[in-house]
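Numbering (our numbering), first residue to last: 131 to 583. The C-beta atom is built at its ideal place from N, Cα and C for all residues, glycine as well. As the structure is a computational prediction, the values presented were derived from the model and not from experiment. Below is one structure, written out as structure tokens; comments come after it.
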Amino acid sequence: MSENKKADKITAVKGMNDVLPADAPLWELFENTAQSVLQSYGFQQIRTPIVEETKLFARAIGAVTDIVEKEMYSFTDSMNGDNLTLRPEGTAGVVRAVVEHNLVYEGPKRLWYKGQMFRHERPQKGRYRQFHQFGVEAIGFTGPDIDAELIMMSRRLWDDLGLEGIRLELNSIGDAAERLRHRADLIVYLESHSELLDEEAKRRLHSNPLRILDTKNPAMQELVNGAPKLLDYLGEESLAHFHGLQKILNHNNIPFTINPRLVRGLDYYNRSVFEWVSDKLGAQGTVCAGGRYDGMVEMFGGKSTPAVGFGMGVERLVLLMKDAAEPEQPAQCDVYLVHQGEQAGLQAFVLAERIRDAGLDVVLHCAASNGGGSFKTQMKKADASGASFAVILGDDEVANHVATVKALRDAEGAAQQSTVPFDDVVDYVVDQIIGDHDCGHDHGPGGHVHHHH
Ligand code: ATP
Ligand code: MG
């Protein structure tokens, strides 16, 4: 490479974002909170591949939908000609896995998943080409009680995350026969206003008219609002299911509005459909959406098995979390190890490993890469790391087989400093940290001993 010509920068793919260290704690907080809420309702995790056969999505989601018509990242495997797709949503893969492994053989299953999804959309706030979902699928449950459970579970998550103002919209889109009767009237209605239909709607008029109700075109909202409502076509069983769900929600003080226009953008739904919507995200306000899909297991060759699920958009929820409160950056570590001199540098490695053996997180100052750095600069880094203690090794310490331990987060603000025999440093630091917390030494996975006052 020539000396004065810089290499071209390679940037991330449009609509696909990095989560940088400054934001990672918020994502981690979301993921940990979601995971523990889902577990508290007895849901078990399932992990499926990001790539599936294209026909899986075409069959599950429906050929005449936004996702399948224009949003999928599909490609041909150059090795064998297979038609493959990066998953645009999670339900199809989970249902495939459930059927493939006969998971509901022993009875119903409560499942959850998380991961990247891919849709070729126009990137904007809250809408990306790679995004993340947490989702749940309850497979093998018939009644409205499980629909209510999913809704209560998501409500608990908003509460635990401290999110307010997320409202629930509910609808029932009935069963296949009811949708067929509605469809006939809907086509007649739309045809009688054909001058108001956009190109997409004209194309879908006979292939999938219900999708027209899901249009995002503002010019068509009035037309859509006047269309025949599926709710008026529900038979006794669908109505009983819908009322059953509302009764449980009312009994548990969960407010909702019935939105007869809510049809969802995927074909697999029937009966209950719902969305949780925030007004703080502009047009991309839906943070969680789901419903029943009683026909899908059978469609994939399994025994007829009712099911219900939802998917949450993690990016949108993290935006809301950011809006709700800028969280304190958690400490990088419990202990920052400061050292100067060759011998001290060697001993610092030994001590850092010992402290980690005791379960604490240690950042070791990297003298060889960062330049030694005076004690003063190293102490500044120690302070910025959020550590509770700096452990200091210099020539004097090494000569006397001791270390200096300095409290960085002392309540009195006093720079409390002690000289501790080298072999006692681990016990000393552990004692100090545990002794400071009535609740004991809480060290969850990836957690630190938080030590802020
Ligand atoms: P929208 O109406 O916003 O396009 P959708 O009906 O296509 O949403 P679903 O397929 O139901 O969305 O996905 C569930 C959730 O996943 C959405 O409610 C949203 O929070 C999130 N989501 C969907 N598409 C995207 C995207 N492109 N970028 C970020 N989040 C998304
Ligand atoms: Mg969409």
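(request) Mind checking which residues open and close the beta strand (DSSP E) that includes Q246? (result) Taking the first residue of the sequence shown as 1, we reach residue 246 at position 116. Note, Q246: beta strand (DSSP E), K239 to F248.
(message) Counting C-beta neighbours from all protein chains within 10 Å, is the total for H495 16 or more, i.e. buried, or is it exposed?
(response) Locating residue 495 in the sequence shown gives position 365, where the first residue counts as 1. Counting other Cβ atoms within 10 Å of its Cβ, H495 reaches 16 or more and is therefore classed as buried.
(request) Please classify R394: does DSSP put it in a helix, a strand, or coil? (result) Along the sequence shown, one-based indexing puts residue 394 at 264. If DSSP states are grouped into helix, strand and coil, R394 belongs with coil.
(request) Just the C-alpha distance for M429 and F519, rounded to the nearest angstrom, thanks. (result) For the purposes of this step, residue 429 is taken as the residue at position 299 of the sequence shown. For the purposes of this step, residue 519 is taken as the residue at position 389 of the sequence shown. Distance from the CA of M429 to the CA of F519, rounded to the nearest whole angstrom, comes to 60 Å.
(request) Kindly indicate which three-state DSSP category P575 falls into: helix, strand or coil? (result) In the sequence shown, counting from the first residue as 1, residue 575 sits at position 445. Unreliable positioning characterises P575 in this predicted model, as indicated by a pLDDT of 41, which lies under 50. The coordinate reading is nonetheless provided below. DSSP, reduced to helix, strand and coil, places P575 outside both helices and strands of the structure shown, so it counts as coil.
(message) Assuming contact is defined by CB atoms lying nearer than 8 Å, are E443 and F261 in contact in what I supplied?
(response) The residue labelled residue 443 in the question sits at position 313 within the sequence shown. The residue labelled residue 261 in the question sits at position 131 within the sequence shown. Reading off the sequence, residue 443 comes out as Gly, not Glu. With contacts defined by Cβ atoms closer than 8 Å, G443 and F261 form a contacting pair.
(request) Just tell me which of N530, A455, M451 and V438 has its CA closest to the CA of Q477. (result) In the sequence shown, counting from the first residue as 1, residue 477 sits at position 347. Checking every option, the nearest Cα to that of Q477 belongs to N530.
(request) Tell me, please, which residues DSSP counts as bridged to M451. (result) Locating residue 451 in the sequence shown gives position 321, where the first residue counts as 1. M451 is bridged by DSSP to nothing; it lacks a bridge partner.
(request) With DSSP as the reference, label P155 as helix, strand or coil. (result) Working through the sequence shown from its first residue, we reach residue 155 at position 25. Three-state result, P155: helix.
(request) Report, in whole angstroms, the separation of the C-beta atoms of G475 and A497, which I expect to be a contact under 8 Å. (result) Counting from 1 along the sequence shown, the entry for residue 475 is found at position 345. Counting from 1 along the sequence shown, the entry for residue 497 is found at position 367. Sure, about 6 Å apart at Cβ, within 8 Å.
(message) Does the region 234-248 come into contact with the region 262-281, if we say contact requires no fewer than three beta-carbon pairs (one atom in each stretch) closer than 8 Å?
(response) Short answer: they touch.
(request) Keeping to the same chain, check which residues put their C-beta closer than 6 Å to that of A222; ignore five residues upstream and five downstream. (result) Looking up residue 222 in the sequence shown gives position 92. Here A222 has L186, F187 and A190 as same chain residues with Cβ atoms under 6 Å from its own Cβ, once five neighbours each way along the sequence are excluded.
(request) Using three-state DSSP, classify K135 as helix, strand or coil. (result) As a working mapping, residue 135 is identified with position 5 in the sequence shown. Taken through DSSP and simplified to helix, strand or coil, K135 comes out as coil.
(request) Verify the contact flag: D397, CB atom, against every heavy atom of the ligand MG, threshold strictly below 7 Å. (result) Here residue 397 refers to the residue found at position 267 of the sequence shown. Remark: the C-beta of D397 is outside contact range of the ligand MG, defined as less than 7 Å to any heavy atom.
(message) Tell me which residues share the same chain as F440 and place their Cβ nearer than 8 Å to its Cβ, disregarding the 5 neighbours each side in the sequence.
(response) For this step, residue 440 is matched to residue 310 along the sequence shown. Answer for F440: G265, V266, L280, S284, F404, C418, A419, G420 and G421, listed in chain order.
(request) Could you tell me whether any non-hydrogen atom of the ligand MG is closer than 7 Å to the CB of D196? (result) Reading the sequence shown from its first residue, position 66 is the one you call residue 196. Taking 7 Å as the cut-off, the C-beta of D196 counts as close to a heavy atom of the ligand MG.
(request) Determine the extent of the alpha helix (DSSP H) in which Q546 is found, giving its start and end residues. (result) The residue given as residue 546 occupies position 416 in the sequence shown. Counting along the chain, no alpha helix (DSSP H) covers Q546, and no H or E run does either.
(message) Looking at the secondary structure, which residues open and close the alpha helix (DSSP H) in which K377 lies?
(response) Here residue 377 refers to the residue found at position 247 when the sequence shown is read from its first residue. Counting along the chain, the alpha helix (DSSP H) containing K377 begins and ends at E366 to H381.
(request) Check whether the region 161-170 touches the region 365-377, taking contact to mean three or more Cβ pairs, one atom from each stretch, closer than 8 Å. (result) Contact between the region 161-170 and the region 365-377 is absent: fewer than 3 CB-CB pairs across the two stretches fall below 8 Å.
(message) Tell me which residues share the same chain as A437 and place their Cβ nearer than 8 Å to its Cβ, disregarding the 5 neighbours each side in the sequence.
(response) Stepping through the sequence shown from its first residue, residue 437 is reached at position 307. Within its own chain, the residues whose Cβ lies closer than 8 Å to the Cβ of A437, once the five positions on either side in sequence are excluded, are V225, E267, A268, I269, G270, F271, R422, Y423, D424, M426 and V427, listed in chain order.
(request) Using 10 angstroms around the beta-carbon of F479, count the other beta-carbons present and answer buried if the total reaches 16, otherwise exposed. (result) As a working mapping, residue 479 is identified with position 349 in the sequence shown. Burial call: exposed.
(message) On the criterion of 16 or more Cβ atoms from any shown chain inside 10 Å, does C569 qualify as buried, or is it exposed?
(response) Taking the first residue of the sequence shown as position 1, residue 569 is located at position 439. Reliability of the predicted coordinates at C569 is poor, the pLDDT of 42 falling under 50, and no value is obtained from them.
(request) Check whether the Cβ of T178 sits closer than 7 Å to any heavy atom of the ligand ATP, and report yes or no. (result) In the sequence shown, the residue the question calls residue 178 occupies position 48. Not one heavy atom of the ligand ATP sits closer than 7 Å to the Cβ of T178.
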